[in-house]
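First residue of the sequence shown: 104, per our numbering; consecutive thereafter. Glycine residues also receive a C-beta, built at the ideal position from the N, C-alpha and C atoms. Computed from a predicted structure; not experimentally measured. These notes concern the structure reproduced below.
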Amino acid sequence: KRQGENQPYGKQWDLLTKAMYPKGHPYSWTVIGEMEDLNAASLEDVQEWFKSYYGAANAVVAVAGDINPQEVYNKVLNYFGDIPSGPTIARQEVNIPLKSSDTYQVYEDRVPEARILFSWNTPEFGNKEDIHFDLISSILTSGKNSRLYKRLVYDEQVASSVVSFQASNEIASEFITWANVKPEGDIDRVQQIMEEELAKLIKEGPTESELKRVKAAYFSSFIKGLERIGGFGGVSDILASNQTYFDDAAYYKTVLQYVENATVLDIQNTAKKWLTRGKHILLCKPFPEYTITKSTVDRSKLPEVGEAKSSQFPALQRDKLSNGLNIVLAKRTGVPTVVMNLMFNAGYKTDYLSSPGTAALAMDLLDEGTKDLNSLEINEKLQLLGASLYTYSSQDNSNIYLNTLKPSLDASIDLFADVVLNPAFPEKEFDRLKDEQLNRIQQEKSQPISMALRVMNKYLYGEGHPYSNPYTGTGYTETVSKLSKDDVQKFYATWIRPNNATLVVTGDIEMKDLKSKLEKALGKWKKADVPNITFTTPKVNSKNTLYLMDRPESEQSVILAGHLTEKYGDVSQIALEQMVSILGGDFTSRINMNLREDKHWAYGASGFVMGAKAERPFIMYAPVQTDKSAESVTELRKEISEFISTRPVTKEELEKVKTNQILSLPGQWETNSSVNQSITNLVNYGLPDDYYQKYDANVRNLSLQEVRDVSKKVVKPEAVNWFMVGDRAKIADKLDELGFDAIIEIDADGKPKKPAIKEVKPEIKN
104 KRQGENQPYG KQWDLLTKAM YPKGHPYSWT VIGEMEDLNA ASLEDVQEWF
154 KSYYGAANAV VAVAGDINPQ EVYNKVLNYF GDIPSGPTIA RQEVNIPLKS
204 SDTYQVYEDR VPEARILFSW NTPEFGNKED IHFDLISSIL TSGKNSRLYK
254 RLVYDEQVAS SVVSFQASNE IASEFITWAN VKPEGDIDRV QQIMEEELAK
304 LIKEGPTESE LKRVKAAYFS SFIKGLERIG GFGGVSDILA SNQTYFDDAA
354 YYKTVLQYVE NATVLDIQNT AKKWLTRGKH ILLCKPFPEY TITKSTVDRS
404 KLPEVGEAKS SQFPALQRDK LSNGLNIVLA KRTGVPTVVM NLMFNAGYKT
454 DYLSSPGTAA LAMDLLDEGT KDLNSLEINE KLQLLGASLY TYSSQDNSNI
504 YLNTLKPSLD ASIDLFADVV LNPAFPEKEF DRLKDEQLNR IQQEKSQPIS
554 MALRVMNKYL YGEGHPYSNP YTGTGYTETV SKLSKDDVQK FYATWIRPNN
604 ATLVVTGDIE MKDLKSKLEK ALGKWKKADV PNITFTTPKV NSKNTLYLMD
654 RPESEQSVIL AGHLTEKYGD VSQIALEQMV SILGGDFTSR INMNLREDKH
704 WAYGASGFVM GAKAERPFIM YAPVQTDKSA ESVTELRKEI SEFISTRPVT
754 KEELEKVKTN QILSLPGQWE TNSSVNQSIT NLVNYGLPDD YYQKYDANVR
804 NLSLQEVRDV SKKVVKPEAV NWFMVGDRAK IADKLDELGF DAIIEIDADG
854 KPKKPAIKEV KPEIKN
């Protein structure tokens with residue numbers, strides 16, 4: 104509850120729920136509830152709820168995958184057959200509140216941009232008109248050609264983002280659309296444009312081209328979801344939800360038919376019927392920054408898990424184009440999709456040779472126009488192909504990513520090559536994206552976790568290191584403001600070269616065919632000399648330091664604590680991953696069980712090792728209640744110290760995480776995208792080609808001693824740097840009692856403020 108409301112705009116859901124449903128309506132309160140009710144709830148209340156609703160007659164079990172149906176039925180009968188059906192439960196009747204006129208509400212939040220939101224009560228989940236609203240939402244805000252995006256973000260540039268969706272529920276739904284107004288934008292103008300575009304849709308309906316495009320996107324998304332057996336949108340989820348809501352596991356076919364049969368007139372009529380009724384208008388304004396002075400089954404234990412089958416990772420094939428471009432292919436049959444990731448050894452780390460924010464802006468701009476196609480035309484082609492294409496940077500790589508359907512592969516590769524080889528870097532798009540990046544920087548500086556991530560690398564690696572700029576890659580306001588189109592063109596000319604790239608491909612295609620298509624599309628791409636990135640030894644602060652960022656009225660304090668640890672290859676990666684899972688990576692990890700389950704100070708706490716080509720950050724993360732900020736630091740210190748001394752990894756802990764890892768591997772590699780990501784990781788960090796093929800066996804054979812040895816090498820309690828984002832006025836006094844050598848207050852760019860709470864000159868160790 105607290106964590107949700109601590110996020111920017113997090114209060115809108117509570118306000119919206121109360122505004123859209125009258126008191127007494129089943130939807131008149133949020134699912135997570137009110138703090139008063141949560142505090143007042145007793146154990147008996149929870150038990151009574153389970154008795155009322157957790158009966159067999161009110162449950163659906165969906166099993167999907169490589170199974171024997173009769174064997175599954177027998178197991179379900181064995182383990183679930185003796186569960187009582189439970190009391191009778193009457194389904195709620197459809198109950199759609201109708202507003203006779205518009206209502207208006209304004210609230211303030213600590214956000215960088217105003218948000219104007221419209222919400223209408225609409226038909227229940229599964230209704231034909233409910234499905235129409237899924238299409239309407241895409242017409243309004245999905246893609247650069249969508250009506251609200253084009254008017255507000257692209258053409259008039261008065262909004263930074265637009266969103267719309269049908270929030271479908273069993274007895275009533277809501278159609279919601281919002282726009283984030285740029286800091287210099289006119290709120291009234293944004294609302295006027297939103298009203299105009301909605302009125303136009305109601306009066307004229309969509310065009311045939313629009314409807315064709317959003318239908319193609321809908322079907323493409325559904326098909327890609329079928330790659331996953333589990334998870335939201337996966338096969339088992341589709342079957343279970345359809346059976347639950349419609350008493351028909353195959354109801355999704357009806358939904359697909361609704362989409363297929365929808366006409367321009369149908370969409371217009373649905374919009375006219377529902378969007379001309381009263382809506383709720385919710386305006387969030389930024390809060391100003393003021394300055395102030397019975398069975399054969401033993402129910403006492405879980406059923407034993409059978410021996411897990413070894414997971415299979417596809418063999419890798421390698422080849423190279425005539426211009427030096429490396430190709431790595433993992434052939435996978437099944438769902439007709441092909442995923443391509445063209446990865447360049449570049450990314451945010453190159454900014455230390457230019458200016459912070461350059462790599463992010465350059466790659467964002469790359470797909471905004473070619474010599475023959477503008478940004479909107481590229482977007483239109485992608486939607487008609489049922490494809491998605493993204494250009495972006497991460498810390499170590501710059502990437503051009505394509506996910507397409509096999510029948511449209513040739514046309515998709517042609518478009519992909521056009522983006523790679525012929526970027527136009529339009530001035531208009533450069534100005535727009537530069538402005539968006541500046542807005543993102545301000546948003547990051549208002550979000551607690553982003554605030555910590557922006558400054559972390561600066562203090563972990565030291566000034567001048569390739570990794571010392573903000574981890575988010577957006578740069579600083581002063582550096583991005585000075586970037587010119589020449590800067591991004593120079594980035595492209597320097598780093599986007601075939602001899603500096605590897606193309607990772609997953610899907611149903613042979614290497615011979617793939618290479619032929621790629622040679623035709625990319626073979627004339629010229630190689631060139633590429634600068635060498637030098638990773639110097641980080642200048643590490645050896646003092647026990649806390650860096651504090653003040654965020655007045657924060658509902659929580661966010662703690663980020665970490666230090667640099669070994670590079671890839673210096674320790675067993677398999678052992679490292681299991682170690683991290685035990686300490687902070689899983690729900691049952693020591694850190695989470697301490698701060699969440701035992702102390703109840705955090706909704707969740709975790710630990711992880713971040714990827715990097717040089718020394719890697721080992722991080723602990725915990726958003727905690729404000730009055731337990733100092734105590735949480737004490738507990739985290741205790742956990743990492745005892746982990747390598749009095750409470751090392753136990754055999755039971757190791758076996759548990761190994762089992763969890765082994766059982767989750769098949770699901771981890773369900774989709775072409777997920778396999779592609781693993782191969783990208785393999786290439787990026789120089790892992791052996793058979794790394795993931797041997798991964799399952801290596802996890803199974805991992806010994807307790809190996810994990811303990813790696814723990815002692817990786818975990819360094821004395822080297823931890825601490826970062827905290829919270830309300831300084833409420834937490835500073837207790838922090839001063841924790842024995843830090845220095846407590847330094849810094850701003851959202853990592854610059855020290857004066858005076859410090861407690862200052863000792865940091866000791867820099869090479």
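Every unbroken stretch of the alpha helix (DSSP H) spanning 4 or more residues and falling wholly within the region 284 to 330 is given here in chain order: 290 to 307, 311 to 328. Under the rule that a run must span 4 or more residues, no alpha helix (DSSP H) segment is found entirely inside the region 203 to 239.
Taking one beta carbon from each stretch, the region 686 to 694 and the region 653 to 661 have fewer than 3 pairs nearer than 8 Å; the two do not touch. With 16 or more other Cβ atoms inside 10 Å of its own Cβ, residue 330 counts as buried. In the three-state DSSP reduction, residue 448 falls in the strand class (E or B). In chain order, 820 place their CB closer than 6 Å to the CB of residue 744, counting only its own chain and leaving out the 5 sequence neighbours on each side. For residue 281, the CB contacts under 6 Å within the same chain, skipping 5 residues up- and downstream, are 218, 220, 266 in chain order. Relative to residue 786, the option among 236, 433, 374, 226 whose CA is nearest is 433. With respect to residue 850, residue 857 sits apart: the two C-beta atoms are not nearer than 8 Å. In this chain, the beta strand (DSSP E) harbouring residue 726 covers 719 to 728. Residue 132 has its alpha-carbon roughly 7 Å from the corresponding atom of residue 117. Boundaries of the beta strand (DSSP E) harbouring residue 500: 500 to 508, taken from the DSSP string. Scanning its chain for C-beta atoms nearer than 7 Å, with the 5 sequence neighbours on each side dropped, one finds around residue 626 the residues 424, 425, 426, in chain order. Assignment of residue 493 by DSSP, reduced to helix, strand and coil, places it in the strand class. Shortest Cα-Cα distance from residue 291 to any of 757, 772, 388 involves 388. If only uninterrupted beta strand (DSSP E) runs of at least 3 residues are considered, those enclosed by the region 687 to 715 are 709 to 712.
With 16 or more other Cβ atoms from the protein chains shown falling within 10 Å of its own Cβ, residue 742 counts as buried. Rounded to whole angstroms, the Cβ separation of residue 419 and residue 730 is 52 Å, and the two are not in contact under 8 Å. DSSP, reduced to helix, strand and coil, places residue 736 within a helical segment of the structure shown. The residues 664, 666, in chain order, have a CB closer than 6 Å to that of residue 823 in the same chain once the five nearest residues on each side in sequence are set aside. In the structure shown, residue 670 adopts coil according to DSSP, grouped into three states. The beta carbon of residue 187 sits closer than 8 Å to the beta carbons of 158, 159 from its chain, once the five residues preceding and following it are set aside; these are given in chain order. If only uninterrupted beta strand (DSSP E) runs of at least 3 residues are considered, those enclosed by the region 622 to 654 are 648 to 653. Counting C-beta pairs closer than 8 Å gives fewer than three between the region 635 to 647 and the region 460 to 479, which falls short of the contact rule. Around the beta carbon of residue 576, a 10 Å sphere encloses 16 or more other beta carbons of the protein chains shown; the residue is thus reported as buried. Judged by DSSP secondary structure, residue 818 falls outside any alpha helix (DSSP H); it is assigned neither H nor E. Rounded to whole angstroms, the Cβ separation of residue 192 and residue 226 is 23 Å, and the two are not in contact under 8 Å. If you draw a straight line from the Cα of residue 277 to the Cα of residue 223, it comes to about 5 Å. Shown here, residue 525 sits in coil according to DSSP, grouped into three states, outside any helix or strand. A straight-line Cα-Cα distance of about 49 Å links residue 216 and residue 749. In the pairwise beta carbon analysis, the region 437 to 448 is classified as touching the region 499 to 510: at least three pairs are separated by under 8 Å.
Within 10 angstroms of the beta-carbon of residue 364 lie fewer than 16 other beta-carbons, which makes it exposed. Under the rule that a run must span 4 or more residues, the alpha helix (DSSP H) segments found entirely inside the region 757 to 845 read 775 to 787, 798 to 803, 807 to 817, 831 to 838.
Within the DSSP secondary-structure output, residue 386 pairs in a beta bridge with 209, 219. Rounded to whole angstroms, the separation of the alpha carbons of residue 789 and residue 460 is 26 Å. Counting only residues of its own chain and dropping the five nearest sequence neighbours on each side, residue 205 has a CB closer than 7 Å to the CB of 381, 382, 384.
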